[in-house]
Every structure is written in C-alpha cells, then in structure tokens.
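A quick write-up on the structure given underneath.
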Amino acid sequence: MRIEFYGLHFDLPSDWADRTDNVPEGVPTLALPSGVGAFQFTIARYAGGKHPRVSIVALRSMLAEFCRKQPRAFDDPVTNMGKVFSVGCVSHDLSETLGVWYLSNGSDVVLATYLGLSFDHPEVASELAEVRQSIATMDF
C-alpha cells in the first residue's frame, strides 16, 4: 500500500501503524501492532538559501560517521540510485538489530532507522524486509 507519512511517500504493508505518539521524543515512528521493532525517521528539509546539492558521497560520509559512533559492527553499505538515492547498512548483534539508511533527493535528507529484537527472533527478518522495501520505494 502506498502511504504518505510526514511528507514521505512509500510502499508499506497496511498492518504497520503510526506509533509517533507513543515515543517521548515525538520522532515519526511506525511499527506493527504485534511487532518486534520500530521504523523511525528524522527529516531535514531544504528551506532556502544556497542549495545543498546533497550527493551520494555525502550520504556515504554521513552513514560512515553514524556507524563509527556505534559500539557495534555493521554489514557493508548498500547504495541505491534513482530519483531518491540512498545508502544503508544493518548491524546484527546478540540483543538487537539496527538498520540505518540515509536518503536524499539532492535537497532534503532523511535518516531512517529500524531497531528491533535480535535477528534470531522469527519476526525480525520479515519486518526488516518490509522496511527495506519501503526504503527502496521512498519519495519526497
């Protein structure tokens, strides 16, 4: 199902629900009602002035910096090019799964994350696959 969520447009199965009000910081958050993880977004919109001309190189640098600050190992980054381009990677440790993606249309930047239980949990793989599909179809 194609949805609009905080100005982002993407495909997501209809059973995912807005859980933003359940998060103290008010970060835009989606989750399955009986799920084991959360799909969250931080959105930086170009508002004027010198155009930032965000590149895939800049996104790779942002991702590398984010990952460097985490006390965990990440898989190799995966890059997708298109109208909206992205770079992301996933970390699986003993207690949780963390997926991180930076996306841009050249002007705006989105940081999307998925945080779920250990990858050993049977629902994590399917949730992560749905999040990856959403990332691949995102437009803004």
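Reading the sequence shown from the start, the letters are residues 3 to 142 in our numbering. Heads up, the beta-carbon is just placed ideally off N, CA and C, and yes, glycines get one too. Model, not experiment: these values are computed from the prediction.
Opening and closing residue of the alpha helix (DSSP H) in which residue i lies
{"i": "A60", "result": "58–70"}
{"i": "E98", "result": "Looking at the DSSP string, E98 is not in any alpha helix (DSSP H); the run it does join, the beta strand (DSSP E), is 98–106."}
{"i": "A127", "result": "124–138"}
Distance, residue j Cα to residue i Cα
{"i": "D95", "j": "Q42", "result": "19 Å"}
{"i": "Q72", "j": "V102", "result": "11 Å"}
{"i": "E6", "j": "R74", "result": "32 Å"}
{"i": "P30", "j": "A46", "result": "13 Å"}
{"i": "G37", "j": "L14", "result": "14 Å"}
{"i": "A127", "j": "G9", "result": "27 Å"}
For residue j and residue i, believed in contact at Cβ under 8 Å, the rounded distance
{"i": "D110", "j": "Y48", "result": "6 Å"}
{"i": "E98", "j": "L117", "result": "6 Å"}
{"i": "S93", "j": "F76", "result": "5 Å"}
{"i": "G90", "j": "V56", "result": "That pair is no contact at about 15 Å."}
Delimiting residues of the beta strand (DSSP E) encompassing residue i
{"i": "R4", "result": "4–7"}
{"i": "V89", "result": "87–94"}
Does the pairing of the segment 54–69 with the segment 135–142 give three or more beta-carbon distances under 8 Å?
-> no
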